[in-house]
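If you use this note's numbering, the sequence shown corresponds to residues 636 to 890, in order.
Note sheet for the following structure.
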Amino acid sequence: MRPYILSESNWDYIKDTKFDMAILPWGATEAHNYHLPYASDNIQAEAAASESARKAWAKGAKVIVLPTVPFGVNTGQSDIYLDININPSTQSLILNDIIEVLNRQGIYKLMIFNGHGGNDFKPLIRELGLKYPKMFICSTNWFQALERSDYFENSGDHAEEMETSVLLHLLPCLVLPKNKWGDGKTKKFSVDALNEGWLWAERKWSSISKDTGVGNPELATAEKGKKFFDDITDKIGDAIYEISKVDMDDLYEKS
Ligand SMILES: [Zn+2]
Numbered sequence: 636m637r638p639y640i641l642s643e644s645n646w647d648y649i650k651d652t653k654f655d656m657a658i659l660p661w662g663a664t665e666a667h668n669y670h671l672p673y674a675s676d677n678i679q680a681e682a683a684a685s686e687s688a689r690k691a692w693a694k695g696a697k698v699i700v701l702p703t704v705p706f707g708v709n710t711g712q713s714d715i716y717l718d719i720n721i722n723p724s725t726q727s728l729i730l731n732d733i734i735e736v737l738n739r740q741g742i743y744k745l746m747i748f749n750g751h752g753g754n755d756f757k758p759l760i761r762e763l764g765l766k767y768p769k770m771f772i773c774s775t776n777w778f779q780a781l782e783r784s785d786y787f788e789n790s791g792d793h794a795e796e797m798e799t800s801v802l803l804h805l806l807p808c809l810v811l812p813k814n815k816w817g818d819g820k821t822k823k824f825s826v827d828a829l830n831e832g833w834l835w836a837e838r839k840w841s842s843i844s845k846d847t848g849v850g851n852p853e854l855a856t857a858e859k860g861k862k863f864f865d866d867i868t869d870k871i872g873d874a875i876y877e878i879s880k881v882d883m884d885d886l887y888e889k890s
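In C-alpha cells:
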C-alpha cells in the first residue's frame with residue numbers, strides 16, 4: 636500500500652492520518668489513434684500524479700491522491716464510437732461534490748491533475764472558489780509542465796510522439812505494434828484566423844483526423860517517455876511539496 640494513494644488505503648490507516656492536500660487526476664475515455672488504449676489519458680494522469688505525489692511525500696508532504704475520474708469533455712468527438720462525453724456542467728457538479736467533502740473535512744488544498752485537453756477547469760475553479768472560500772484549488776495540464784520540444788521531435792496533442800512514448804514507458808503491453816500506428820495527420824481550418832490561436836472554435840475531430848490522432852507518433856520510444864516522465868514528475872513533485880507546505884496567508888510575495 637502506498638500511503639499517498641487513497642484507493643490503496645484502508646480505514647485502519649486513514650482514520651489516524653491527517654492530510655494537507657488532495658490531488659485529483661482527471662482524464663477521458665476516448666480513441667487515441669489506432670494504437671493506444673481508450674484509457675490513455677487516465678493511465679498517464681494517474682501514473683504521473685502518483686509518481687509526483689511519491690516524490691513530494693518522500694520530502695514530507697502530507698498529500699493524498701484521489702481515484703482518477705475516467706470521463707472527460709469529449710463534445711468534439713460525438714461521432715467517434717464509444718468516446719464517452721461528460722458535459723462541462725456535469726464536470727462542475729462532480730467537482731463540486733468532491734470539493735464539498737474536502738472542505739467539510741478540513742483538507743483545504745486541492746490540485747486537479749488534468750490529463751485531457753478537452754477538460755477546462757479554470758471557469759469551474761473560479762466559480763467553486765467563490766462558493767468555498769477556504770479552499771485553495773489549482774489545476775495543471777500535467778503534460779505541459781515542461782517544454783515538450785526539449786524531449787520530442789514531432790509536435791501534436793493527441794496520441795502523438797509524446798503520448799505514445801509515455802505509454803511505451805508505462806504500459807507497453809497496451810500499445811499496438813508500430814505497423815499499426817497511424818500518422819496522426821491533421822487538417823487545419825480553412826479560415827486562417829482559427830489557426831492563429833487568437834480565434835478559437837472547437838475542432839470536429841472526425842473532420843480533422845482519419846486515425847483520431849493529432850501529431851505523428853513515429854519517432855516515439857520508451858526511453859524518451861521515461862526521461863520526460865521522470866523529469867516532469869520531479870518538477871510537479873516539487874510544486875506539490877511547496878503547495879502542501881505553504882501557509883495560505885503567505886501565498887503572495889511580500890511588498
Ligand atoms: Zn490523450
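A virtual CB, placed ideally from N, CA and C, is assigned to each residue, including glycine.
{"Query": "Between the alpha carbons of His793 and Tyr669, how many angstroms are there, rounded?", "Result": "11 angstroms"}
{"Query": "Should Met746 be labelled buried (16 or more other beta-carbon atoms within 10 Å of its own) or exposed?", "Result": "buried"}
{"Query": "When the Cα atoms are used, what is the spatial distance from Ile878 to Ala691?", "Result": "10 angstroms"}
{"Query": "Note the first and the last residue of the continuous beta strand (DSSP E) segment covering Phe748.", "Result": "744 to 749"}
{"Query": "Quick check: is any heavy atom of ligand 1 less than 8 angstroms from the C-beta of Gln679?", "Result": "yes"}
{"Query": "Measure the alpha-carbon distance for Trp816 versus Thr799 and round it to whole angstroms.", "Result": "10 angstroms"}
{"Query": "Distance, Cα to Cα, Ala696 vs Lys744?", "Result": "12 angstroms"}
{"Query": "Spatial neighbours of Ile719 within its chain, please: C-beta separation below 6 angstroms, excluding the five flanking residues on both sides.", "Result": "Thr664, Phe706"}
{"Query": "Mapping DSSP to helix, strand and coil, what is Pro660?", "Result": "strand"}
{"Query": "With hydrogens ignored, establish whether the beta-carbon of Ala693 is closer than 8 angstroms to any heavy atom of ligand 1.", "Result": "no"}
{"Query": "Given Ala855, which residues of its chain have a CB within under 7 angstroms of its CB, disregarding the five upstream and five downstream residues?", "Result": "Glu796, Thr799, Ser800, Leu803"}
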